[in-house]
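Below is one structure, written out as structure tokens, with a few remarks after it.
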């Protein structure tokens with residue numbers, strides 16, 4: 235969660251949002267290039283994917299976004315491409331810029347609207363990014379006003395720390411840095427830890443029949459983490475269908491014998507992703523520990539360490555050369571220290587900027 239200010243919830247969100255009646259007009263030209271702005275369509279996924287890939291050469295050269303990730307970003311129970319996105323096309327139909335504003339699906343403690351967007355590198359410095367960010371914030375405020383209720387709210391946007399131009403843009407628009415994230419890596423050629431799980435726990439690969447039990451465990455494990463709201467079944471199932479998810483390289487910690495008297499329970503997880511398309515930019519085959527966690531009543535017993543150690547061995551057995559994960563620099567469970575003890579080291583940083591509403 236974002237540790238919102240308690241007092242904020244006493245005023246209705248519609249009154250706090252300061253939502254504009256109309257959205258800002260976007261620029262008709264980028265230098266001498268005419269721009270045709272419109273709402274994004276499902277058929278724009280290819281265009282947006284190409285734009286993100288081109289921008290990524292500068293913004294995130296080691297991170298690749300697959301088309302199904304773009305498609306997921308353009309979907310959601312409370313997201314509409316017709317109202318919550320904009321794309322700018324050049325005369326030849328190439329995407330010059332794209333932006334969206336997306337609300338968390340079913341917030342319980344705080345409403346977040348996350349802004350995503352980019353501009354082609356060869357059209358930067360012409361005011362497009364600033365104008366698009368202004369449009370996104372205005373739409374985010376409308377979304378918050380439409381949400382109703384009195385929960386605390388926040389508008390967020392993220393950047394790699396190595397991209398000072400993005401951070402300058404967000405700061406100039408009044409966004410403030412609120413959280414830092416570390417990208418940690420570990421080689422698999424060195425000695426790997428051997429850690430036995432606690433008594434009564436079995437470590438097994440992820441299977442579809444344990445999917446819902448895993449979602450329950452994920453929501454329990456992350457309920458005290460910054461920026462986290464419960465994952466809905468729709469979001470979870472979409473993530474499970476993502477091309478990069480690697481169930482055979484994922485591990486679950488199972489409690490119980492599986493009988494009616496002693497049913498199984500997922501009490502920990504290490505969920506993996508493998509994106510072969512990102513291997514070249516990162517120096518070779520690697521796997522990503524996309525989600526690692528332990529339910530709160532099983533913390534402090536060494537279960538996370540056992541899960542990660544078993545997963546690293548599975549990675550090496552599959553021919554992978556390195557492991558990667560991202561962690562909140564202020565993770566309340568002390569995860570960063572554990573990862574460092576297991577041989578992970580930081581190679582990149584990102585920062586979340588925000589405005590509280």
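Numbering (the working numbering), first residue to last: 235 to 591. C-beta: ideal position from N, C-alpha, C; glycine also. Note that this is a predicted model, so its numbers are computed, not measured.
For residue 559, same chain residues with a beta-carbon under 6 Å away, outside a window of 5 residues either side, are 418 and 523 in chain order. In the three-state reduction of the DSSP assignment, residue 327 falls in the coil class. Setting aside the 5 residues that flank it on each side, residue 485 is surrounded in the same chain by 437, 504, 541, 544 and 545, each with a C-beta closer than 6 Å to its C-beta; the list follows chain order. Residue 329 is a Cβ neighbour of residue 285, given a cutoff of 9 Å. Beta-bridge partners of residue 503 (DSSP): 486 and 527.
Its chain contains 267 and 330 as the residues whose beta carbon lies nearer than 6 Å to that of residue 324, once the 5 sequence neighbours on both sides are disregarded; these appear in chain order. Taking residue 547 as reference, the option from 250, 253, 409 and 426 with the minimal CA-CA separation is 426. Note that the C-beta distance between residue 536 and residue 455 is not below 9 Å. Here residue 564 is exposed, its C-beta having fewer than 16 other C-beta atoms within 10 Å. The alpha carbon of residue 277 has as its nearest neighbour, out of 391, 301, 295 and 294, the alpha carbon of 301.
In this structure residue 355 is exposed. Its beta-carbon is surrounded by fewer than 16 other beta-carbon atoms within 10 angstroms. DSSP, reduced to helix, strand and coil, places residue 409 outside both helices and strands of the structure shown, so it counts as coil.
Inter-residue distance for residue 373 and residue 467 is about 26 Å (C-alpha atoms, whole angstroms). Excluding its 5 nearest sequence neighbours in each direction, residue 272 has C-beta neighbours in its own chain below 8 Å: 320, 321 and 323, listed in chain order. Around the beta-carbon of residue 408, fewer than 16 other beta-carbon atoms lie within 10 Å, marking it exposed. With contacts defined as CB atoms closer than 9 Å, residue 496 and residue 490 qualify as a contacting pair.
For residue 358, no alpha helix (DSSP H) segment is defined, and its DSSP state is neither H nor E. Counted as a single uninterrupted DSSP element, the beta strand (DSSP E) harbouring residue 581 occupies residues 579-590.
In this chain, the alpha helix (DSSP H) harbouring residue 281 covers 279-293.
Here DSSP, grouped into helix, strand and coil, assigns residue 272 to strand. Counting only unbroken stretches of 3 or more residues, no beta strand (DSSP E) element lies wholly within the stretch 439-487. For residue 494, the number of other beta carbons within 10 angstroms of its own is below 16, and it is reported as exposed. Counting the other CB atoms within 10 Å of its CB gives residue 255 a total below 16, which places it among the exposed residues. By the neighbour-count criterion, in which a residue is buried when 16 or more other Cβ atoms sit within 10 angstroms of its Cβ, residue 369 is buried. Linking residue 464 to residue 310 through their CA atoms gives a straight-line distance of about 14 Å. Distances from the CA of residue 380 to each of 587, 533, 305 and 253 were compared; the closest alpha carbon is that of 253. Listed in chain order, the non-local C-beta contacts of residue 313 below 6 Å within the same chain comprise 336, local neighbours out to five positions each way being set aside.
Rounded to the nearest angstrom, the gap between the Cα atoms of residue 318 and residue 257 is 11 Å. Non-local beta-carbon contacts of residue 512 in its own chain, meaning distances under 6 Å to residues more than five positions away in sequence, involve 298 in chain order.
With a contact defined as Cβ atoms closer than 8 Å, residue 470 and residue 562 miss out at about 21 Å.
Within a 10 Å sphere around the beta-carbon of residue 246 sit fewer than 16 other beta-carbons, which makes this residue exposed.
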